[in-house]
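Right, one structure below, let's go through it.
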Amino acid sequence: MLKDILKKKVDSKGEEARGLFVFQEAGQAIRAEKTLKKAGFKVRLMAPPPHIRTGCDLVVAFDLIEQTVMTRELEESGNPPLNIVPVSDETTSPLELCRVKDFGGYLMVRAANMKITVEKGNLKIVNISGGGCPDVPYLADRMIGKTLNECEGPAQIGFSLCAYTLNVAYEEIRHLLGGAEA
Amino acid sequence: MLLLAGTVPSNVGEIIAGRADFGEKGIIRINAMNLPLTRGTASLVGAAAAACRYFNLDPPYVIMAGDIGQKTSGANIYEGIQAFVQKNRVKTLVLHYLMPNIQYHKRLMAVIQRLDPIPCLIADAGSMYVAKAAGQASLYDLFTPDLGELAFLADDKASHPAYTRGFICHLEGEAAALIERAYKYNNSAKYLCVKGCTDYVCCNGSIVEKVDDPSVEVLEAIGGTGDTITGIAAALIYKGMNIVEACSFASKANRWAGKLANPNPATQISEIIKYLPEAIEKTKNAWADIK
């Protein structure tokens, strides 16, 4: 079936057909994207199509032609997908646009509904605001009081789409304030 | 009864249920346990309990489950709320940091819609996300989004704020257009209290009140300051105040609590909640002069 879809897509649009790795929770999708990118694959986090959506989820879109090798890579990393489905046009990508607010001694970066604030002088994370998934208070507990260089990022310790969005803001503030590479 | 439902950051999915009392120095006690006032549902509970105590109302009843995002609260919390509202007369219900799950939410709404009378329904945070994603936003009386979340409500395609399309900007100056758009696509509750540098209270897609005084710019950075507005507003609606007035009052009182705490961007929400009784007093006095 997947071969047929692949053939049809390439034939009709001249584009490579894509599939979606589906996971139990958003955090697993974030980690899978990282694993696959590190291994050199072109993948992208996206919203799942409506028929498999639960309300807080991410899928990893990939080139169907590399499905087998990527699935093996994920299995070997201990993070196998729950399901694999062909892509539809009903997927959208997460927002990666950030806004920055300067409070003098502190810098705040907002991505969508999530905000992170860091003290410029010592790179200490002093506040995390916004969001609506249950791991936001947990992430705040884990991250506030630590510096950008010593704390694990939301993509490593979070589980939800809010964690993903916070990670976008976290990466941007690291970029702006010069924290060490994640 | 005022019922508040959400989660706390613990990886044990066990349900915590009971009355939340606001005590000395802003300490919240549920079933003789102190509730750490972190951002999220704990801040909502703290603010609602403070307002209930100030106005001599019975303390809010709380149903919370431990969840750090691993879905340990799962169906338990939704089923717990379902069972509770069928056995108790809940006048005002706030659904808060619940892990968005469209199926669980639809089941809960089916139960709530059969209640007589139907409680005043308020959603914030994850519960607001799932209400919109499930296409059930219009069943709610009040949503309390910030500007980023308002953009999500305005985007008829987005299932979560993370998927808000880039062309839908989050600029404060565009709030009126976003509010109108959210309402037009049935992705808004009847009333909105949009939290930002200016707070907008809206009815049926139009702004009816703006609150921007006192202005404490750093509150935007402090996690939990939106949750406290929702908590105060819920208590006032439970008291019998109309939704527009409750949101305006809550917005003012929250700003006063922020001002009294003399915060900087590193201030934590527990420092602000302590000042809520004094802030509510100030707002009430000013309110009596205005109204």
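Heads up: the sequence lines are chains F and U, in that order. Mapping the first sequence onto our numbering, position 125 (from 1) lands on 125, and the numbers just tick up by one. Mapping the second sequence onto our numbering, position 95 (from 1) lands on 95, and the numbers just tick up by one. Idealized CB from N, CA, C, for every residue including glycine. Please read all numbers here as calculations on a predicted model, not as lab measurements.
Just tell me which of the options has its CA closest to the CA of residue i.
i      : options                        : result
U:K25  : U:I16, U:K282, U:A177, U:E278  : U:E278
U:K106 : U:A137, U:M33, U:S248, U:E174  : U:A137
U:L98  : F:I65, F:T54, F:R44, F:L36     : F:T54
U:D146 : U:I118, U:I81, U:L219, U:I16   : U:L219
U:E174 : U:Y185, U:K157, U:S159, U:V194 : U:V194
F:A140 : F:E172, F:D63, F:C162, F:P86   : F:C162
U:K71  : F:K146, F:E25, F:K101          : F:E25
U:A115 : U:I81, U:A286, U:E180          : Here residue 115 of chain U is Leu; the residue named in the question, Ala, does not match the sequence. Answer by Cα proximity: U:I81.
F:V100 : F:I128, F:L20, F:M46, F:E172   : F:E172
U:I269 : U:T228, U:L57, U:P117, U:G66   : U:T228
U:N186 : U:D289, U:K157, U:K210, U:V211 : U:K157
U:I273 : U:N56, U:I28, U:I16            : U:I28
U:C203 : U:S10, U:F143, U:T7            : U:F143
U:S248 : U:Y275, U:D212, U:I222         : U:D212
F:K42  : F:I116, F:D63, F:P50           : F:D63
U:N254 : U:Y191, U:S215, U:A17          : U:S215
F:T71  : F:C98, F:I116, F:L36, F:T117   : F:L36
F:G132 : U:P9, U:M33, U:E217            : U:P9
U:P100 : F:R174, F:E119, F:G19, F:C56   : F:C56
U:I222 : F:C98, F:T117, F:L123, F:I84   : F:T117
Measure the C-alpha to C-alpha separation of residue i and residue j and round it to an integer number of angstroms.
i      : j      : result
U:A176 : F:G105 : 32 Å
U:S127 : U:G40  : 12 Å
F:T68  : F:E75  : 11 Å
U:L362 : F:M108 : In the structure as shown, chain U starts at 1 and stops at 291, and residue 362 of chain U therefore has no counterpart that could be examined.
F:V22  : F:R44  : 12 Å
U:D124 : U:N262 : 26 Å
U:D199 : U:G148 : 13 Å
U:V62  : U:I243 : 21 Å
U:T38  : F:P137 : 7 Å
F:Y164 : F:G158 : 8 Å
U:C52  : U:L236 : 8 Å
U:D21  : U:I122 : 21 Å
F:D11  : U:R165 : Any reading at F:D11 is ruled out, since the residue's pLDDT is 37, under 50, leaving its predicted position unreliable.
F:I144 : F:I65  : 43 Å
U:A75  : U:Y104 : 7 Å
U:I15  : U:A233 : 25 Å
F:A39  : F:P86  : 22 Å
U:R19  : U:V130 : 26 Å
F:L148 : F:Q156 : 14 Å
F:E150 : U:S251 : 37 Å
When you compare the CB of residue i with every CB in chain F, is at least one pair closer than 7 Å?
i      : result
U:K132 : no
U:I298 : Nothing can be reported for residue 298 of chain U, as the shown portion of chain U is limited to 1 through 291.
U:Y163 : yes
U:A221 : yes
U:P265 : yes
U:P59  : no
U:M99  : yes
U:S206 : no
U:G148 : yes
When the distance is taken between beta carbons, is residue j closer than 7 Å to residue i?
i      : j      : result
U:T230 : U:W256 : no
F:A111 : F:A169 : yes
U:S43  : U:G258 : no
U:P36  : F:V126 : no
F:V196 : F:P48  : Chain F is shown from 1 up to 182; residue 196 of chain F falls before or after that span and cannot be answered.
U:A83  : U:D141 : no
U:P161 : F:N79  : no
U:A133 : U:I112 : no
U:K91  : U:Y238 : yes
U:M109 : U:L139 : yes
U:E180 : U:G205 : yes
F:N167 : F:G178 : no
F:P81  : U:G69  : no
U:L3   : U:L93  : yes
U:T7   : U:D58  : no
State yes or no: is the beta carbon of residue i nearer than 7 Å to at least one beta carbon in chain U?
i      : result
F:N113 : yes
F:I128 : yes
F:Y106 : yes
F:Y164 : yes
F:A47  : yes
F:Y138 : yes
F:L97  : yes
F:L186 : Not covered by the structure: residue 186 of chain F. The range shown for chain F is 1 to 182.
F:P86  : no
F:C151 : no
Self-check item: Short-range partners of chain U found in the stretch 20-36 of chain F, where Cβ spacing is below 9 Å
Solution: Q24, E25, A26, G27
Quiz item: Which residues, in order along the stretch 61-84 of chain F, keep a beta-carbon less than 8 Å from a beta-carbon of chain U?
Solution: none
Exercise. Please name the residues in the stretch 66-77 of chain U whose beta-carbon is closer than 8 Å to at least one beta-carbon of chain F, in chain order.
Key: D67, I68, G69, Q70, K71, S73
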